[in-house]
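All letters in the sequence shown, in the order written, are residues 24 to 216 by our numbering. In this text, a Cβ means the ideal position worked out from N, Cα and C, and glycines have one as well. In this text, all values refer to a predicted model and were calculated from it rather than measured experimentally. Working notes for the structure below.
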Amino acid sequence: MKNSIICVAIAATIGLFAFKPVNPATWSLDKAHAKLGFTITHLLVSEVEGSFKSFESKITTSKEDFSDAVVELTADVNSVTTDNDKRDDHIKGPDFFDAAKYPTLSFKSKTFKKMADGNYKVTGDLTLHGVTKPVELTAFARSGTNPMSKKAITGFKVTGTIKRSDFNLSVSTPGSILSDEVNLIANAEFSKD
Numbered sequence: 024m025k026n027s028i029i030c031v032a033i034a035a036t037i038g039l040f041a042f043k044p045v046n047p048a049t050w051s052l053d054k055a056h057a058k059l060g061f062t063i064t065h066l067l068v069s070e071v072e073g074s075f076k077s078f079e080s081k082i083t084t085s086k087e088d089f090s091d092a093v094v095e096l097t098a099d100v101n102s103v104t105t106d107n108d109k110r111d112d113h114i115k116g117p118d119f120f121d122a123a124k125y126p127t128l129s130f131k132s133k134t135f136k137k138m139a140d141g142n143y144k145v146t147g148d149l150t151l152h153g154v155t156k157p158v159e160l161t162a163f164a165r166s167g168t169n170p171m172s173k174k175a176i177t178g179f180k181v182t183g184t185i186k187r188s189d190f191n192l193s194v195s196t197p198g199s200i201l202s203d204e205v206n207l208i209a210n211a212e213f214s215k216d
């Protein structure tokens, strides 16, 4: 009996030392192959497109399928562009983004749930214009290997919709001028560090 207990104790000790925790992998943004954008409806008839030219993002995950991924993103609000200088100056001002007071927007995911066929449901907190709100996004992923660097790569197309009124963005502007709904669109390529 005593020998059995000793054998079990030795086996358990060996098992504990043989266990290797999985170190999370970091995936870095390839800025040359990434865009963070949005669209908003103007006068109920046309879509105005915009994007942030300066942003950073990374993904941390311990699973190959990204099902436990944490995505972090920050963008410089002063880098917003709609390809119209006059409009860009206006939306950077106090009527909209108030970039002088709120120079950064950020997102950090809370869940990254794998659905089917490369699709994911992503939830997290978006901080914009000094307001933090939960948002739900849809992501589609494609993975492969970069033939030049031989590194693992993954591309994500991310979409979602937020309400500008939730973030106190130009709340006095009626929906007949600018829709309350803002569509978010991001395409980003990441490489495994």
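**Q.** Three-state secondary structure assigned by DSSP to Asp-203
**A.** By one-based count along the sequence shown, residue 203 stands at place 180. If DSSP states are grouped into helix, strand and coil, Asp-203 belongs with the strands.
Q.
According to DSSP, simplified to helix, strand and coil, what is Asn-169?
A. Looking up residue 169 in the sequence shown gives position 146. Three-state result, Asn-169: coil.
(Q) Tell me which residue opens and which closes the beta strand (DSSP E) that His-56 is part of. (A) Residue 56 sits at position 33 when you count from the first residue of the sequence shown. Taken as a continuous stretch (DSSP letters only), the beta strand (DSSP E) holding His-56 covers 48-65.
(Q) Beta-carbon within less than 8 Å of Leu-201's beta-carbon, same chain only, minus the 5 sequence neighbours each way: which residues are those? (A) Here residue 201 corresponds to residue number 178 of the sequence shown, with the count starting at 1. Counting only Cβ-Cβ distances below 8 Å, and skipping sequence neighbours, we find Ile-63, Thr-64, His-65, Arg-187, Ser-193.
Q. Is Val-100 helix, strand or coil by DSSP?
A. One-based indexing of the sequence shown puts residue 100 at position 77. Looking at Val-100 - three-state DSSP - the assignment turns out to be helix.
Q: Would you tell me roughly how many angstroms separate the C-alpha atoms of Gly-116 and Glu-79, rounded to the nearest one?
A: Numbered from 1 along the sequence shown, position 93 holds the residue referred to as residue 116. Numbered from 1 along the sequence shown, position 56 holds the residue referred to as residue 79. Computed Cα separation, rounded: 23 Å.
Q. Per DSSP, what kind of secondary structure is Asp-111 in: helix, strand or coil?
A. Position 88 of the sequence shown, counted from the first residue, corresponds to residue 111. Three-state DSSP puts Asp-111 in a helix.
Q. Between the segment 96-115 and the segment 159-171, are three or more C-beta pairs nearer than 8 Å?
A. no
Q: Please go through the same chain and pick out, in chain order, the residues whose beta-carbon is closer than 8 Å to the beta-carbon of Ser-172, but skip the five residues on each side of it.
A: Locating residue 172 in the sequence shown gives position 149, where the first residue counts as 1. Excluding sequence neighbours, Ser-172 sits near Ser-214.
Q | Helix, strand or coil at Ser-188 according to DSSP, with G and I counted as helix | A | By one-based count along the sequence shown, residue 188 stands at place 165. In this structure, Ser-188 counts as helix in the three-state DSSP scheme.
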